[in-house]
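Comments concern the structure below.
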Amino acid sequence: MARQKMFYNKLLGMLSVGFGFAWALENITIYEFDFGKGILDQSYGGVFSNNGSSQVQLRDAVLMNGTVVYDSNGAWDSSALEEWLQGQKKVSIEKIFENIGPSAVYPSISPGVVIASPSQTHPDYFYQWIRDSALTINSIVSHSAGPAIETLLQYLNVSFHLQRSNNTLGAGIGYTNDTVALGDPKRNVDNTAFTEDWGRPQNDGPALRSIAILKIIDYIKQSGTDLGAKYLFQSTADIFDDIVRWDLRFIIDHWNSSGFDLWEEVNGMHFFTLLVQLSAVDKSLSYFNASERSSPFVEELRQTRRDISKFLVDPANGFINGKYNYIVGTPMIADTLRSGLDISTLLAANTVHDAPSASHLPFDINDPAVLNTLHHLMLHMRSIYPINDSSKNATGIALGRYPEDVYDGYGFGEGNPWVLATCAASTTLYQLIYRHISEQHDLVVPMNNDCSNAFWSELVFSNLTTLGNDEGYLILEFNTPAFNQTIQKIFQLADSFLVKLKAHVGTDGELSEQFNKYTGFMQGAQHLTWSYTSFWDAYQIRQEVLQSL
1178 MARQKMFYNK LLGMLSVGFG FAWALENITI YEFDFGKGIL DQSYGGVFSN
1228 NGSSQVQLRD AVLMNGTVVY DSNGAWDSSA LEEWLQGQKK VSIEKIFENI
1278 GPSAVYPSIS PGVVIASPSQ THPDYFYQWI RDSALTINSI VSHSAGPAIE
1328 TLLQYLNVSF HLQRSNNTLG AGIGYTNDTV ALGDPKRNVD NTAFTEDWGR
1378 PQNDGPALRS IAILKIIDYI KQSGTDLGAK YLFQSTADIF DDIVRWDLRF
1428 IIDHWNSSGF DLWEEVNGMH FFTLLVQLSA VDKSLSYFNA SERSSPFVEE
1478 LRQTRRDISK FLVDPANGFI NGKYNYIVGT PMIADTLRSG LDISTLLAAN
1528 TVHDAPSASH LPFDINDPAV LNTLHHLMLH MRSIYPINDS SKNATGIALG
1578 RYPEDVYDGY GFGEGNPWVL ATCAASTTLY QLIYRHISEQ HDLVVPMNND
1628 CSNAFWSELV FSNLTTLGND EGYLILEFNT PAFNQTIQKI FQLADSFLVK
1678 LKAHVGTDGE LSEQFNKYTG FMQGAQHLTW SYTSFWDAYQ IRQEVLQSL
C-alpha cells in the first residue's frame, strides 16, 4: 500500500471551524487543523466534518496566535525558570571543574583526572570512572573547549597512561597486544589501579573515551592549538594512533563479549554499550585519509560497524521486541528480573545522535522506539515515585534509572529519581526539536498503530487516530502553523522536566546523584560530576533551540 501522507501546507480553501480555522488539503485523505485550539481532526469522504467526532488536540496548552499560553494543568513562571537555569548552569560548570585535577578544592586529584564525586564515605565515589570521565570531557569540548584546553590535554595524558597500566583484568598496552585490560572501568584518583572486587569488564568505556577524544582532535585541528612540549603528543595523528586506535581495537576485539552495564549491575549485552561502540567506530572512519581507507584496520572497523548495526536491530537479539513498545536495555533480564525499560536508552541516543552527522546510525532521536521509551519511563515512574503524584499526565516528572531499581544512593532499599535521568529526558526532547528546526525537517508522526505512536498520542496529542497499517503517517511540514505549534508543545514538555528538577534543588545549586522519592531532597553521592554534566548538556541544547527558533 502506498504511504498515506497528510500535509497541512497545500491550501485549497479555508473555512471557519469553532474558534479557529481549517484548511482543505490536496490529498487522498482530508484532515483539518483548528489553529485556534490546536485541534487535529480527521474528515471522512473527502469533506470536512465538524460533527463532534474524535479529535486530536495538543495536550495541556492553550495555543493563541501561535504562542503557547500555559493553563492550570502546566503553569509555571517562565522568567523564574530562566533565572534559575542561568544560575544553575554557572554552579554546574564551576563544580565540574572543581572535580577535575588539578583542583584547588581537592588537591589529591592528579592533573587530568575526573572524579565521579568528592564523596569519600557513605558512599565512596572518590574515584575516576572511564565512563563518567569521558562523558564529562565530551561535554566540555562540546560546550566550552577554548577556555578548557589545558584540561583537555591533561585528560589525553591521563588516558595514555591508563591504557598502559596493568590492572586486575590484565596487562596494559605495551606489555601485550591484548586489549582486554581496557575494559577496566575504574581507577584511583592518582591513576593507580583499583584492585578491589568490582563489576568487570565494562565495555562502554573505551568507546566513550574515543568519542570524546575524537572531538578533542577536531577542536585542535580547527583551532590550531599548539600541543606544546609538556604533553605526550606532537600532533593529532599521535593522539589518534597512541590512544584512539587502541580503544577501537578493543571494540573490534570485544564488542560481542558480555560485560557489565553502565549501572555496574548486570553482566550481558547492553543497548547503551553497543550503541556507543557503534558510534565510536563510525566517527573514527571519517578520520582516515584516502590512502588509509583500504588498510586492513579500516576494513576491520567497517566490518565491526556492519556487525554491531545488524546485531542491534535484529529482533532475535531482543533490543527490539514485538512484545514491547520500547527499546529493551538488557534483553537477557527482560521478563525475569526487569521490564527492560532503562533510562540508559535515552542516554545512548543523546550521546550518539548529538549532531545531524550521525543520523545514518540506528535509533536516532526521532525514532519512535526511542520516544516511546521515554513515554513508558514516564508512565511507570509517575506511579512509583510519590513526588510525581501531583504531575499531570503530559508534563515532565522526576525520572530514575529503571522501574525496578533498589539502590538508594547508599545501599539497597528503594530506588529514587536521578538528576541525570531527569535531565536526559529534557535533552532528548530538545535534540528532537533542534534536529527538525536546524535541518528544516518535517515532523513525521507514525499513524500505523497504537504502539508506534505512543509518545505522540499520549504526550503531545490526544485522541490521535491510528490507520492500522504500516504506511500511515501524519506529516506536519516544516514551518507551517501546525508544525510550529507542535514544536512549542514539545518544548514545553522538555522544559517541564527541568521545572520538576528545579523544585528539588537547593538554593546552593548542589546536585547529588539522586533525590528522594518521598521528600524530594537530594541524597546519595554529593556533587556528582555526571549530574552537573547532564544538566549542562540539557541547558546547552536548550540554548541552541532558542537561538534557532
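Under our numbering, read the sequence shown as residues 1178 to 1726, first letter to last. Glycine is no exception: its CB is placed at the ideal position from the N, C-alpha and C atoms.
Check, Outcome
"Tell me the residue span of the alpha helix (DSSP H) that contains Val1547.", "1545 to 1561"
"So what does Pro1623 bridge to, in DSSP terms?", "Tyr1650"
"Shortest alpha-carbon distance to Leu1518 belongs to which of Lys1487, Ser1486, Leu1551?", "Leu1551"
"Taking only the alpha-carbon atoms, compute the straight-line gap between Asp1459 and His1447 and give it to the nearest angstrom.", "18 Å"
"Assign Gln1724 to one of two classes, buried (16 or more other C-beta atoms within 10 Å of its C-beta) or exposed (fewer than that).", "exposed"
"Between the alpha carbons of Arg1364 and Pro1473, how many angstroms are there, rounded?", "33 Å"
"Name the one or two DSSP bridge partners that Thr1353 has.", "Ile1350"
"Tell me the rounded alpha-carbon separation between Tyr1716 and Ser1534.", "21 Å"
"Measuring CA to CA, which of Val1621, Gln1608, His1557 is closest to Pro1594?", "His1557"
"Name the residue from Asp1619, Ser1634, Gly1351, Leu1258 whose alpha carbon lies nearest to the alpha carbon of His1338.", "Gly1351"
"Would you check if the distance between the CB atom of Ala1571 and the CB atom of Glu1635 is smaller than 9 Å?", "yes"
"Pick helix, strand or coil for Trp1200, following the three-state DSSP scheme.", "With a pLDDT of 28 at Trp1200, under the threshold of 50, the predicted position of this residue should be treated as unreliable, though the coordinate-derived value follows. The answer is strand: DSSP assigns Trp1200 an E or B state."
"Does His1553 pass the burial test, meaning 16 or more other C-beta atoms within 10 Å, or should it be called exposed?", "buried"
"Short of 8 Å in beta carbon distance, which residues of its chain neighbour Asn1334, apart from the five on each side in sequence? Order them along the chain.", "Pro1288, Gly1289, Tyr1408, Leu1409"
"When we look at the beta-carbon of Lys1694 and count the other beta-carbons within 10 Å, is it buried (16 or more) or exposed?", "buried"
"Any idea what DSSP makes of Ala1702, helix, strand or coil?", "coil"
"To the nearest angstrom, report how far apart Leu1675 and Val1475 are at their CA atoms.", "42 Å"
"Would you mind listing the alpha helix (DSSP H) stretches within the segment 1246 to 1333 that are 4+ residues and don't spill past its ends, in chain order?", "1255 to 1275, 1307 to 1321"
"Return helix, strand or coil for Arg1612, following the three-state DSSP convention.", "helix"
"Between the beta-carbon of Ala1525 and the beta-carbon of Asp1541, is there less than 9 Å?", "no"
"Spatial neighbours of Ser1536 within its chain, please: CB distance less than 6 Å, with the 5 preceding and 5 following residues excluded, ordered by chain position.", "none"
"In the structure shown, what three-state DSSP assignment does Arg1341 receive?", "coil"
"DSSP state of Tyr1396, grouped into three classes?", "helix"
"Is it buried or exposed, Ile1652, if we count other Cβ atoms within 10 angstroms and call 16 or more buried?", "buried"
"Which of the three DSSP states, helix, strand or coil, is assigned to Arg1131?", "The question about residue 1131 has no answer here: the residues shown for the chain are numbered 1178 through 1726."
"Do you know how far the Cα of Leu1262 is from the Cα of Asp1585?", "27 Å"
"Using the three-state DSSP reduction, which class does Gln1691 fall into: helix, strand or coil?", "strand"
"I'd like to confirm the pairing. Which residues does DSSP put opposite Asn1444 in its beta bridges?", "Phe1437"
"Quickly, what does DSSP pair Tyr1584 with across the bridge? List them, please.", "Phe1589"
"Here's a check: name, in chain order, each residue in its chain whose Cβ is nearer than 7 Å to the Cβ of Thr1706, leaving out the five neighbours to either side.", "Ile1273, Asn1276, Val1291, Ile1292, Ala1293, Ser1294, Asp1309, Thr1313"
"Output yes or no for whether 9 Å exceeds the beta carbon distance between Val1529 and Leu1620.", "no"
"Find out if the Cβ-Cβ distance for the pair Arg1719, Asp1672 is shorter than 9 Å.", "yes"
"Where Leu1462 and Arg1479 are concerned, what is the direct C-alpha to C-alpha distance, given to the nearest angstrom?", "8 Å"
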